[in-house]
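Q: Under this note's numbering, read the sequence shown as residues 1 to 209, first letter to last.
We treat Cβ as the ideally placed atom computed from N, Cα and C, and that holds for glycine.
On a predicted model such as this, the values are computed, not experimentally measured, just so you know.
Quick one: the structure is below, and I'll ask about it shortly.
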Amino acid sequence: MKLGVTFSPDLVALLEQEIKAGERAVTLAMKSAGAELKQDWREQITRARLGHRLPRTIRNRTYPTSGDSINAAALVWSNAPEILNAHDRGALIRSKSGFWLAIPTEAAGKGRRGARMTPAEWERRRGTRLRFIYRRNGPSLLVAEKARINTRGTAVASRSKTGRGQVSAPIFLLVPQVKLRKRLDLARDAERVAGSVPRLIVEKWADQA
1 MKLGVTFSPD
11 LVALLEQEIK
21 AGERAVTLAM
31 KSAGAELKQD
41 WREQITRARL
51 GHRLPRTIRN
61 RTYPTSGDSI
71 NAAALVWSNA
81 PEILNAHDRG
91 ALIRSKSGFW
101 LAIPTEAAGK
111 GRRGARMTPA
121 EWERRRGTRL
131 RFIYRRNGPS
141 LLVAEKARIN
151 TRGTAVASRS
161 KTGRGQVSAP
171 IFLLVPQVKL
181 RKRLDLARDA
191 ERVAGSVPRL
201 IVEKWADQA
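Printed below as a string of structure tokens:
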């Protein structure tokens with residue numbers, strides 16, 4: 001006697017369907033987690049008042065870049081990792097040349113595209129030499145003498161022949177090093193999002209039922 005067993009519906013087809021659903025759920029979950037972490041990091045950087053450019057350096061990508069996989073993964077990174085890491089750790093910054101760090105004051109104004117100017121660039125653009133003033137207590141200074149402050153608060157060369165309105169304007173503060181305070185906690189957001197991945201997978205899987 002020969003016996004045969006038939007499953008209805010097809011068990012193999014059901015298993016294949018669930019495997020595909022699992023691959024789809026994991027891939028969707030990782031895409032969602034990566035997008036959420038990118039947004040959280042951007043918002044945290046914005047709240048820390050680190051400018052408008054730094055948040056836009058945060059990027060994310062899901063692997064594989066096409067198709068679904070049970071081993072899908074999300075990568076979130078910054079195109080300015082050194083700057084981001086400095087604010088995340090609270091780094092100690094020293095001059096590369098071993099001398100002074102020149103920190104521009106408001107009177108220095110801005111360089112091209114709003115960038116901070118160096119002392120050499122300031123002198124070249126303003127056509128004025130800066131004078132070094134050493135101070136034992138407090139940061140030393142680079143000062144523009146016989147300058148005037150324009151309506152934007154920037155020091156420019158004075159053309160006054162009488163000396164009216166002329167000032168000695170501190171353009172740069174000179175310090176041997178700067179300790180950045182910790183302004184970010186990127187690991188906190190990463191841990192929170194990573195902890196939500198199992199829930200996201202279950203939710204994406206259930207949506208396909």
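Three or more beta-carbon pairs under 8 Å between the stretch 181-191 and the stretch 96-111, yes or no?
A: no
Q: Of the choices Glu145, Asn85, Ala74, whose alpha-carbon is the least far from that of tryptophan 180?
A: Within the sequence shown, the letter at position 180 stands for residue 180. The sequence given here places leucine at residue 180; tryptophan does not occur at that position. If we check each option's Cα against that of leucine 180, Asn85 comes out closest.
Q: Going by DSSP, what residues sit across from valine 178 in a beta bridge?
A: In the sequence shown, residue 178 corresponds to position 178, counting from 1. Per DSSP, Ile93.
Q: What does DSSP give as the partner residues of tyrosine 134 in its beta bridges?
A: The residue labelled residue 134 in the question sits at position 134 within the sequence shown. Partner(s): none; tyrosine 134 has no beta bridge.
Q: Over the uninterrupted beta strand (DSSP E) stretch that includes isoleucine 58, give me the two end residues.
A: Residue 58 sits at position 58 when you count from the first residue of the sequence shown. Its beta strand (DSSP E) spans residues 58-63.
Q: Taking the alpha carbon of glutamine 177 as the reference point, which residue from Gln17, Glu16, Ala91, Val167 has its own alpha carbon closest?
A: Walking along the sequence shown from the start, residue 177 turns up at place 177. Comparing Cα-Cα distances from glutamine 177 to each of Gln17, Glu16, Ala91, Val167, the minimum goes to Ala91.
Q: Candidates Ala48, Phe132, Ala147, Arg148: which alpha carbon is nearest leucine 141's?
A: Residue 141 sits at position 141 when you count from the first residue of the sequence shown. Of the candidates Ala48, Phe132, Ala147, Arg148, the one whose C-alpha sits nearest the C-alpha of leucine 141 is Phe132.
Q: My understanding is that alanine 74 touches alanine 115, with C-beta atoms under 8 Å, so please give their C-beta distance in whole angstroms.
A: Here the question's residue 74 lines up with position 74 in the sequence shown. Here the question's residue 115 lines up with position 115 in the sequence shown. Actually they do not touch by this definition, with Cβ atoms about 33 Å apart.
Q: How many Å lie between alanine 147 and arginine 136 at the Cα?
A: Position 147 of the sequence shown, counted from the first residue, corresponds to residue 147. Position 136 of the sequence shown, counted from the first residue, corresponds to residue 136. Approximately 25 Å between the Cα atoms of the pair.
Q: Given a threshold of 16 other Cβ atoms within 10 Å of its Cβ, counted over all protein chains shown, does glutamine 208 qualify as buried or as exposed?
A: One-based indexing of the sequence shown puts residue 208 at position 208. Answer is exposed; the Cβ neighbour count stays below 16.
Q: Tell me alanine 102's beta-bridge partners as DSSP assigns them.
A: Start at 1 with the first residue of the sequence shown, and residue 102 comes out as number 102. Bridge partners of alanine 102: Leu174.
Q: Name the residue from Pro119, Ser69, Glu121, Leu173 whose alpha carbon lies nearest to the alpha carbon of tyrosine 134.
A: As a working note, residue 134 is residue 134 in the sequence shown. Considering only alpha carbons, the answer is Leu173.
Q: Would you check if the distance between the CB atom of leucine 29 and the CB atom of leucine 200 is smaller than 7 Å?
A: Taking the sequence shown and counting its residues from 1, one reaches residue 29 at position 29. Taking the sequence shown and counting its residues from 1, one reaches residue 200 at position 200. For the sequence presented, residue 29 should be read as alanine rather than leucine. In this structure, leucine 200 lies closer than 7 Å to alanine 29 by Cβ.
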